[in-house]
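Taking it in order: structure first as structure tokens, then the write-up.
Chains as they are written, first to last, in my numbering: chain A, 12 to 1014; chain B, 12 to 448.
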């Protein structure tokens, strides 16, 4: 049958194919119940038997010279030898290999990305839908199958790449509903293609584009929403709701499906996995391709990863001025990313490969080959494309394998699929053949004597039989030529031997299989037709010409070692705790002991164990601190560094969100803060709403993953905010409150509701709906969570204290608190602390009366006062900011120093652990070259719990290494460009410099 | 509360009966003033211990080591033993007096509409009653260049002193400089148009420079003609070509600065200043050869790129200075007006990262004066120069000891009170009275 196809022109072939499909779709076992009005019944229960193939049954099993039979779209037998039923068509696959067709777990095939809704002024707070969950971005009721339409164009690209089935879904929303497993079979009905109409549930952190509903505006909002949705679904399932909620019903219905969580960056992968762990769900994660940057965490997630096969192109670094703007991170990603899959394999992490975000026809094979050049093995690649996705979807034995009973989804190749030069001939899906390259091309490679028009040329044909190259010489002179072979016909164009003319001779010949000689018709430049004869000189293959070889762009380059984090100044190996004796330092204790001259401090097991003179080091490393000053690490009560997001502005209260969900341990500002002596920060939510989000209190352990940055013993905090930002004064807003009067009402309302909630909860027992926002507010009411409130003017400061007193709790900290000096007496009475800027003012109306004497006055009145930054620049020199109170208000130096150490520790209720140099406390220490409050002072070492995270000498070393690394990467990229590989223009990712107090961050 | 009480007592002695309005400008210097015993930081790298400084008719008429002279100390004597005297700090490239509260549009007069506005003059909008301006003085920042923002050519700046009834009285040098915002060869993606917000090559870079060159050429041609048709922007360029108006070009990139050097040559500009200069170090020798000084942006900034040295902004001024470039410090950026009072600490930070302290001081005094073209009168403590200086309890570059007892502008002893010190005193008094009740 194949032979027939070879000889037919394309349009005829298509007709035959169509016919073939009509003949074969019906099943021998299932009864057909569709009426038929286009002809007579034409059932085809023939077998196709393939023989002499090298069959890859699965990644671990190969049958040499094997046979297999298919019928009705399924494989009926596989083995060394299988019996050939009478009604069989036999296909000889001698010299060819057979693989199971591939499976893509993350696809929107046949669906595409929904279009964003247009229009609307200002934020929309309510949902569009009724009868569904209150938030439009939770869409579990979406069924891919209702949106699916087979896309022949995309299908053919996927088939060309070797895929036979994809798991597709509607890529929209946080909960995206059920996806479907679909075979890519051309020319059958949807009913035949759908392998499973509810194959998985998809999720992400991204909002739906089909609704303008504002909440969530942030990553931590999306995370909190997902948590609340799970809680609500299980409450709803128990029949506790009065209303019908089709979304929650759908979510409950989808509970037992495979849950696939789509992310686009490494940090979000871990964040998703964490939410899953909280609810006993193991997500399958769509990864980012950057898993290699934190393999230990990837491994411990236990998730199966769906890994994109997209590698960054080299940057065009020819212009040195532009190159200066190129981040080391991006350069490294280019260098390292192709090794991602190999590293995942080495760590034995289960992964599948997706064509998500690439053109499967153009990029899949070449990228896969690239991954292999970087160490991915064939076996692992095949598993990632067949058995692992099949297993993940519970379709083992049905797809992804050549096995009796499995769908007849398989590839026929000219050799090892993963070799660059191998040709993929056919991709069969459900027993339907898709011919990609004809497999019966005659191999005409070799050396010939070409007799033509009285001349004897030398013709050398090299390369793949399907894509041969010709070189023609006449008397040692190279003659221009162009060769193409299609089906069994050869067309050769050669330049006329008369080199003074631009004329061509056209040769055409039929080349039947196994023919040694080629003869056909030649058309001379003058239009005369003649015969030509080419006789193969010997059986020896012509040697491939160097020039005709396509140059390999990806000769494995020298890989840059991954660092922790994988950015400039990261650690090649995570730093270790060391026992250290600081000898002969001036010690600023931040305690009643004050400043101790010529004092030793011994650090052991991460703790300060001894302070005194002439201490013996024991096994501890001795650091000569003569002439130097040792202090406790600086604590910044108000920071926005090390965060992927700051504001959840979608509601006027967002107590359910937590900054712990969005910690970014790769932020260079962590390192820079360490270089400024900062060891602990409170990562605060922004000030977009009166009730903000929960804080993350962090230790700046550079190189550690996000969860290890969290200061575990610190009690929980939440950010509140007052004034211009929450009433949306500096931009147009339509959310309550719009005045300070309204702000009070928001607090009274929420705390009243929280009180009622707690009461109801005690009464209701098990059937109670847990509300994460209310739970947080109840913690505040019960004194289990502390408030740090952004505040400026005296009226609102008094107001918030009054509200707190009304509900019988205390405000813990006023942050910013620029008019604190006006109500310091009231604050003292209430028992609240203050964390303020040293000298910021005049940036908006409510800071008109802000004065740099604020800290000094509040300190004199007896409040616990801290100096904070709210700014990644200021935070790295908080010592200077504290020192400003010596100038403004005449504060003593010891008091000033306490404002950045023990006082913020007290405000954060961690003063029993950090904030001073005291025996038993955690060894969070900074060694300064001189008086820490002096403008001339520079930290030389910054240590957290006995681990040195910043060392000035190491920093100097790293600068040199970074310079070396950059120039080596630049040469690598130049080399890549010169080899003709496409590059991308230099781009620089911009990280927003965040203050909770600047409008752009609030918006 | 003891210490607070002491301070209140001290304060009420010094400044009794001040109301809560803006500070009243000081009258002309009526009698000679002799400052005796201070360490005088000349501003050009030199120091005179135990100095005698005599101020007469608004000028410094003597500055000498006290033990080198036997002359009588004329006029009012200030015993400054153990204290330090500095020339008034000069703040280039500020928007002081043009904006009061950044978020209140009505208080904003810094950015006129239009692209080519050499004719727009900051001086006439300068608000001498600004509360932010007066807050400069207790830190020793006594003079400033007031600069319009926005556009390709933002407008014309002027230099003022910070103790005056009105802008005419405040003027130190009217229309001193033309300000150009040099286009960036890189541009942030316009995210509101759905572009990736990262930095990308600016395709219009050459076109924008051409626009500038065309404008310079056109104004030159116009000025050479009969000028019958009035063209205010072209007319405002006259002083640029005559060399009476310096050209301040705000730029940071290496490529941009090289293009500016060429621009200076092409347009035969006698005096060009780079403002910003983040990447200037790589082409320091070119800048030196072209005699282009750099006003380095405030050192209290974060590096532009994660891979750069964490202390890059701290040390840039020093490295440029070491390479032979004339360097000053300016304070523009986020919250620039109120932050300008931190100029002495910017210089202090440069000193922390390796510069000699007196050299660091010159970054904000003599160098800034030279760069702005007011060095014949300001920027150093030298005989014959304006008596614009201040006395500090200690090292003025360190915030712990930048505590002023006296400040003079043209010999006038100015108030060191501000809106902020008044609120401080008022509320300190409230608490000390509560205490004594």
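For every residue, glycine included, the Cβ atom is placed at its ideal position computed from N, Cα and C.
CB of residue i within 9 Å of CB of residue j, strictly
i                      : j                      : result
residue 118 of chain A : residue 365 of chain A : yes
residue 849 of chain A : residue 649 of chain A : no
residue 149 of chain A : residue 236 of chain A : yes
residue 142 of chain A : residue 257 of chain A : yes
residue 330 of chain B : residue 301 of chain B : no
residue 709 of chain A : residue 693 of chain A : yes
residue 429 of chain B : residue 98 of chain B  : no
residue 113 of chain B : residue 854 of chain A : yes
residue 308 of chain A : residue 281 of chain A : yes
residue 211 of chain B : residue 200 of chain B : yes
residue 203 of chain A : residue 84 of chain A  : yes
Test: residue i CB closer than 9 Å to a CB of chain A
i                      : result
residue 340 of chain B : no
residue 190 of chain B : no
residue 152 of chain B : no
residue 201 of chain B : no
residue 115 of chain B : yes
residue 348 of chain B : yes
residue 370 of chain B : no
residue 138 of chain B : no
residue 255 of chain B : no
residue 435 of chain B : yes
residue 363 of chain B : yes
residue 97 of chain B  : no
residue 303 of chain B : no
residue 197 of chain B : yes
Contact with chain B by residue i, beta-carbon distance below 9 Å
i                      : result
residue 859 of chain A : yes
residue 764 of chain A : no
residue 735 of chain A : yes
residue 845 of chain A : no
residue 29 of chain A  : Any reading at residue 29 of chain A must be qualified, since the residue scores a pLDDT of 38, below 50, and its modelled position is unreliable; no value is offered.
residue 36 of chain A  : Low confidence applies here, because residue 36 of chain A scores a pLDDT of 39, under 50, leaving its location unreliable and the question unanswered by this model.
residue 891 of chain A : yes
residue 863 of chain A : yes
residue 838 of chain A : no
residue 948 of chain A : yes
residue 868 of chain A : yes
residue 910 of chain A : no
Proximity test, residue i beta-carbon vs the ligand GTP heavy atom, cut-off 8 Å
i                      : result
residue 226 of chain B : This structure simply doesn't include the ligand GTP, nor any ligand for that matter.
Opposing strand residues paired with residue i [DSSP bridges]
i                      : result
residue 995 of chain A : A/326
residue 53 of chain B  : Answer is none; residue 53 of chain B lacks a bridge partner.
residue 641 of chain A : A/598 and A/938
> Listed in chain order, which residues of the segment 384-412 of chain B have Cβ atoms closer than 7 Å to some Cβ of chain A?
Replying inline: So the close ones are 408, 409, 410 and 411.
> Name the residues in the segment 258-289 of chain B whose C-beta lies less than 9 Å from a C-beta of chain A; which are they?
Replying inline: Answer in chain order: 264, 265, 266, 267 and 269.
>> Contact between the segment 608-628 of chain A and the segment 806-814 of chain A is defined here as three or more beta-carbon pairs at a separation below 8 Å; is this criterion met?
In response: No contact exists between the segment 608-628 of chain A and the segment 806-814 of chain A.
> Counting pairs of Cβ atoms below 8 Å between the segment 236-254 of chain B and the segment 209-224 of chain B, do you hit three or more?
Replying inline: No, because fewer than three Cβ pairs between the segment 236-254 of chain B and the segment 209-224 of chain B fall closer than 8 Å, the two stretches do not touch.
> Are the segment 144-160 of chain B and the segment 397-407 of chain B touching, with three or more C-beta to C-beta distances below 8 Å?
Replying inline: Under the 8 Å Cβ criterion, the segment 144-160 of chain B counts as touching the segment 397-407 of chain B, having at least three qualifying pairs.
> On the three-pair Cβ rule with 8 Å, is the segment 314-321 of chain B touching the segment 52-70 of chain B?
Replying inline: When C-beta atoms of the segment 314-321 of chain B are compared with those of the segment 52-70 of chain B, fewer than three pairs fall below 8 Å, so the two segments do not count as touching.
>> To be precise: take each residue of the segment 205-230 of chain B, compare its Cβ to all Cβ atoms of chain A, and keep it if any distance is under 8 Å. Which residues remain?
In response: If the cut-off is 8 Å between Cβ atoms, the segment 205-230 of chain B has 207, 208, 209, 210, 211 and 212 near chain A.
>> Counting beta carbon pairs with one atom in the segment 899-919 of chain A and one in the segment 868-878 of chain A, are three or more of them shorter than 8 Å?
In response: Yes, the segment 868-878 of chain A touches the segment 899-919 of chain A.
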